[in-house]
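Trainee: Input: one structure, supplied below.
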Amino acid sequence: MKNKKFWLPILISLACLLGMIFAPNSVQAKELKNVISNIGIWEVDNGRFIKPDANGVYTLSPEHNDYPNYKFIVDYDLSAYDGKLEDGDTFTFTVPGPLSVKEETFDLKDKETDLVIGEAKIVSNGDNNGGKATITLKNLKTYLEKKKGIYVQNVRGSFYLGFSSKNELSEQTLRFEKTETINEITYQIRVGRRGEVDYSEGIGKANFSKYHGLISKEAWTSKALNKSGQYLHTWYVRVNPKQASYDKIEIHDWVDPNSSPMQMIPESLSVIAGWYNKVYYMKDEVVLEAGKDYQVNWNDSYTEFTITINNASSIVAKNGKPAAFRIGYKTSAPGDGTKVLNNVEVKANDKKLEYQDYSNKTVLQQIGNSVVASGGTIQLETAYRIILYKVDELTHDRLKGAKFKITPPAGATAKEEIVTTNDNGIAESSIYSESDIKKGNFTVTEIEAPEGYELNPTPFEMTVGQDGAIKTVTNKRSKAKAKIKANKKLTGRELKAEEFEFTLTDQDGKVKETVKNDKDGNIAFSELEFDKAGTYTFKIAEKAGSDTGIKYDTKTVTATVTVADKGKGALEATVSYDDEKAFENTYTPAKTEVPVKKVWKDENNQDGKRPTSVTVKLLADGQDTGKTLELTEANGWAGSFKDLDADKGGTPIKYTVVEVTVTGYTSDVTGDAASGFTITNSYSPETVDVKATKNWDDANNQDGKRPTKITINLLADGEKVASKEVQAAADGTWTATFEKLAKYKAGKEIKYTVTEEAVAEYEATITDFTITNKYAPKAIDYKVTKVWKDANNQDGKRPESVTVQLYKKVGDADPVAVEGKKLTLTAKEKTDDNTWVASFTNLPQYEAGKEITYSIKEVDVPAGYESSVTGQVVTNTYNPETVVLSGTKVWKDNNNQDGKRTRSVKVQILNGEKVVQEIEVSEKTGWKFESKKLPKYENGKEIKYTVKETAMTEYKATITTDKDGKYTITNEYTPEKIAVSGQKTWIDNNDQDRIRPASITVALLANGKETGKTAIATAETGWKYEFTELDRYQNGKAIEYTVKEVGVPTGYTATETGMNVTNTHTPEKTAVKGHKIWKDEENKDGIRPASITVKLLADGKETGQTATVSETSGWTYEFTGLDRYQEGKEIAYTVEEVNVPDGYTASVEGYNITNTHTPEKPTPGKPNEPGKPKKGGELPNTGSESNQVALVAGIALLGLGTGFLARRKKED
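Note that full-length UniProt numbering numbers the sequence shown so that position 649 is 649, with each residue one more than the last.
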């Protein structure tokens, strides 16, 4: 019984302890409010953010696709819940109607840890009824471990949510749930179909364009790249849309290195011919064939290509014009949220084209957004930072471990930093401030290359903007280099440079190179490069030639290249050979003979001039050898030079022969040394040619009596030996040639003469070999009569003489003037006062056998007269002269600035004092005037006309004439001038922040348009300004002058009212936020107050502001709406605690106040007297803290029980 009582207290204490240890530790999940920080709209098909129009309205298109064409990109910020986030916490994003939402689930990843920290579930409420996304947090414990933090904080990110609108909508407001967003977010949207756009005018000017560049999820594999992927960009180039005619078109397209890396997928390239309709859609497409219709060349890394279309104009579209082309291809995609850049330029007939006529721009750049718009995919944040990609120069594989030094511009607050590319080949700089990026360019230097690659140490500059800066940097693989050599010898004669050929073959049997020896016998192959460690074997062999007398070496030498890795990818190559001896050839000279044969061409020695023998000399390479050969009829006129060397020092000897001259004969040598030479001797008798010429003296066959052909006879020593029929040649000459006539007969020279068969009506004369035939043509007279119709010379204008020109017409030809045939008529030969006569005499009656028809025209018809011809009568008629006066009205009134000009004026033409015509002149007549035809003379004297304008008020008129007699009437008026002034007003609490400038500049506007005039106002001018000498009117209306401030000072907003400008600046405000931190072992002694008071000081002085802080406020306090500056200097705010609680000491760090209290140590109680309890014990905050307290209490209870048991046992 005693034992049972002994163990009972222990068992009770142990049960209590175990119950406390295994008590449930539960924390209830919560919904996170107001965490959505921003919402953007992404257009999937065009790969871009939708931007509002000038009225802030976002215009979308209605969609009926299976996929949503738009996505919300939702940014969330959970920092308001720092230290309070637990697995299972949720937040929501509600999409309002009338939008439709696509249901889906996806994970949210943390960019830094690549850990899934949330799961999103999208629920649709049906078409046009919106939907909701619910995000549930998870894996926060693992996340905290990876972040190595005290508690979960600064959780931020974004996700994409697809939506569409099935119906068209007029302008409508989308309001997002206020309980979900940090600030109120609304969108004004309109959903409507895009109208058809007519691009005809632009197509007519376009030479090429580049478009698309969108990213899409599409699995691809490329053998050329030896790569595959899930995302790609698609690009298109329009070439020659206006369908101009070119013989050759070249398209050069390349990836810009100042962007994220990508490679062209060569298998995706297509070239299509057709023509573009007015909506820029290609019609009647024809796919062209590479290698046949066009050629394409890629660079080694497939980041650049050139397409050449030869005979482009021969490819005709179905609209009948030279074809337009569309080039399409795809590239790999970074898919990390950065931008990719692609460039193109086009040449036509080897000349660079402007992308559009008169644009002066020959290179087009297309920008693509490599944004994977799905779920919570991690995207790079590029704003205000540098992103560097490191890739292999050829394969474009991403490379990790490259180190770059980034040096900010002078004066920047950012520090120089070293960044290293990660497993994805990406290095990111720090985020720079806006003021730093305005200081200038950042300098980037590669200081350590990836393992196995050569360092690229050349520094380069990058300009960082609001969107950041991106650069793709390439590296060459580290390579070992080796040279393979051999040697050549030749016995028997001297070795020549490049005489023998040698091949280098690799271990796969492929001939890598063929080289020749130099004059010293060295054989050197090009330097080889190796990018991997290993053993490589090569074979060296000589190519057998066909040179006479050479015996070629047939051996093969093996060269082994050993490439060793010396660490960090550095390679070293060594070469060894299995045979170090030279390739050796042997030369033995050869013998030859040269046959010679003689041939005679002399009519079998008809004249007996042939000699009994001839001598032939042998020449070697053009030099006499001293060797001769005699040929006679006895040896058949043939023989040979024998036992001759075939070459000299390895060079073949060129043998030739010459004959010792044979008098009276010509010698011709044919053939060669190998087949034999033939010497032909020729002899020819002398001959002569006789040329007879026929001349005609018949006035060029004027009467047509000349025959079409005649016969000429040739006589030799008086005897007729030949006859020839002769006709006129193309040039009109009559000749006959008797060729190759024997010059001699019976040893005497033959005398040749000619005769002619008689020609009717012609008389012939023969002089040597010229025959002249003569004929006399017939002649006539031609009488001319001049008749005057001028009222018997009433105005005295009739001249003393007139001249007529004689014309002739032959057959159907047009009349032509007869050279030298002009006839002068005067009053001396007259039949009456108005009739004169004269005659042309002795005129030919015929020409070319046809009768001539004569006619006449008067030469230099007298001024004022009209001439007419009827047969052989010339009549002159005279009409009185007239004049026309004309001129221009000129206004000098600054384009009627003041509106004083009349709509029309009247111009008078006067003869003396008499007004003969009045003309109305206006803008409709172009302010020009012209009179009717006026008589030039009156009573035999020329009339002097004058011009006058009717008087105009306020204008001064001036009349002038120019050298052509044109009148100018100038009316002058001086426009009115005025002055205007204004005042600058400052509303900035008397320049509290001290940011008011020393001066301001205002620009003068006239009727709302810039005049180019400016004025400066300062405190010295009382902030006043004035403009003088200004026009009062424009287009007849008073000008309204206003001003606009130039370069409104930073921090101010400007309001212009007429000529006055008011600048308003609201002094900058700030806030002070701090925490109360308790160091009192969780209020162990229970003396922590329920609240404390914090006061605010400005530059060490009381502000009168206090804040009460308690557990309800999370022991956090904040002072808001505080002035940031006083008299231009930033105010230094500090905090102090009011009445620090007893038992605590307070310390301030920044805006945080720490109260420290060291709890009392417990005093052990006497037997049967437990220790004193704590004052005001505090309940635990969470289940976890409750367990810890319970555990401590349990252990204490167990200790008390054990002590009690020990005492009982002692008493027993």
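Note that CB positions come from ideal geometry on N, CA and C, so glycine has one too. As the structure is a computational prediction, the values presented were derived from the model and not from experiment.
From this set, 1008, 886 and 1130, which residue's C-alpha is nearest residue 993's C-alpha?
Mentor: 1130
Trainee: By Cβ distance, which residues of its chain are closer than 6 Å to residue 604, with the 5 residues on each side in sequence left out?
Mentor: none
Trainee: What's the gap between the Cα of residue 341 and the Cα of residue 108?
Mentor: 29 Å
Trainee: How many angstroms separate the CA atom of residue 1032 from the CA atom of residue 978?
Mentor: 6 Å
Trainee: Tell me the DSSP bridge mates of residue 652?
Mentor: Paired residues: 647.
Trainee: When DSSP builds the beta bridges, which residues end up paired with residue 897?
Mentor: Answer by DSSP bridge pairing: none, since residue 897 is not bridged.
Trainee: Inspect the CB distances between the stretch 463-482 and the stretch 392-408 and report whether three or more fall short of 8 Å.
Mentor: yes
Trainee: If you measure from the CB of residue 1134, is any heavy atom of the ligand MN nearer than 8 Å?
Mentor: The ligand content of the structure shown is nil, which means the ligand MN is not present either.
Trainee: Nearest-angstrom Cα distance between residue 488 and residue 527?
Mentor: 19 Å
Trainee: Helix, strand or coil: which one does DSSP assign to residue 146?
Mentor: Three-state result, residue 146: helix.
Trainee: Can you give the Cα-Cα distance for residue 581 and residue 520, rounded to whole angstroms?
Mentor: 15 Å
Trainee: Under 9 Å, do residue 225 and residue 333 count as touching if we go by C-beta distance?
Mentor: no
Trainee: Which residue comes first and which comes last in the beta strand (DSSP E) that contains residue 40?
Mentor: Residue 40 -> beta strand (DSSP E) spans 36-43.
Trainee: Going by CA-CA distance only, name the one from 1063, 578 and 938 that's closest to residue 989.
Mentor: Taking each of 1063, 578 and 938 in turn and checking the Cα distance to residue 989, the smallest one comes out for 1063.
Trainee: Would you tell me roughly how many angstroms separate the C-alpha atoms of residue 174 and residue 121, rounded to the nearest one?
Mentor: 22 Å
Trainee: Could you check whether residue 736 and residue 774 sit closer than 9 Å to each other, using their CB atoms as the reference points?
Mentor: no
Trainee: Excluding the 5 residues preceding and the 5 following residue 1007 in the sequence, name in chain order all residues of the same chain whose CB lies nearer than 8 Å to its CB.
Mentor: 1034, 1039 and 1040
Trainee: Just the C-alpha distance for residue 413 and residue 387, rounded to the nearest angstrom, thanks.
Mentor: 19 Å
Trainee: Which residue marks the beginning of the beta strand (DSSP E) containing residue 542, and which one marks its end?
Mentor: 534-542
Trainee: Taking one C-beta from the stretch 510-518 and one from the stretch 484-499 each time, how about it: are there three or more such pairs within less than 8 Å?
Mentor: Per the Cβ contact rule, the stretch 510-518 is in contact with the stretch 484-499 (3 or more Cβ pairs under 8 Å).
Trainee: Could you give the DSSP three-state label for residue 312: helix, strand or coil?
Mentor: Note: residue 312 maps to helix in three-state DSSP.
Trainee: Could you tell me how far apart the beta carbons of residue 304 and residue 235 are, in whole angstroms, since I believe they sit closer than 8 Å?
Mentor: The Cβ separation is near 13 Å, so there is no contact.
Trainee: For the beta strand (DSSP E) that residue 434 lies in, which residues bound it at each end?
Mentor: Careful: residue 434 lies outside any beta strand (DSSP E), inside the alpha helix (DSSP H) at 434-437.
Trainee: Would you say residue 1000 and residue 1016 are within 9 Å of each other, going by their C-beta atoms?
Mentor: Going by C-beta atoms, residue 1000 is nearer than 9 Å to residue 1016.
Trainee: State the start and end residues of the unbroken alpha helix (DSSP H) segment that holds residue 202.
Mentor: 200-203
Trainee: Any idea if residue 1088 is buried or exposed, counting beta-carbon neighbours within 10 angstroms, 16 or more meaning buried?
Mentor: buried
Trainee: How long is the line joining the alpha carbons of residue 722 and residue 706, rounded to whole angstroms?
Mentor: 24 Å
Trainee: If I follow the unbroken beta strand (DSSP E) through residue 952, where does it start and stop?
Mentor: It is not in any beta strand (DSSP E) - residue 952 carries neither H nor E in the DSSP assignment.
Trainee: If we call anything under 9 Å between Cβ atoms a contact, is residue 167 one with residue 96?
Mentor: no
Trainee: Does the contact criterion of 3 or more C-beta pairs under 8 Å hold for the stretch 592-604 versus the stretch 670-680?
Mentor: yes
Trainee: How do the stretch 1063-1075 and the stretch 1116-1125 stand: do at least 3 beta-carbon pairs fall below 8 Å, yes or no?
Mentor: The stretch 1063-1075 vs the stretch 1116-1125: in contact.
Trainee: Taking the alpha-carbon positions, what's the residue 282 to residue 327 distance?
Mentor: Each residue's alpha carbon lies about 12 Å from the other.
Trainee: Have a look at residue 1036 and residue 923 and give me their C-alpha separation to the nearest angstrom.
Mentor: 16 Å
Trainee: Could you give the distance in angstroms between the alpha-carbon of residue 181 and the alpha-carbon of residue 405?
Mentor: 41 Å
Trainee: Less than 8 Å between the CB atoms is what I'm expecting for residue 486 and residue 557, so what's the real figure, rounded?
Mentor: 6 Å
Trainee: Classify residue 241: buried if its beta carbon has 16 or more other beta carbons within 10 angstroms, exposed otherwise.
Mentor: buried
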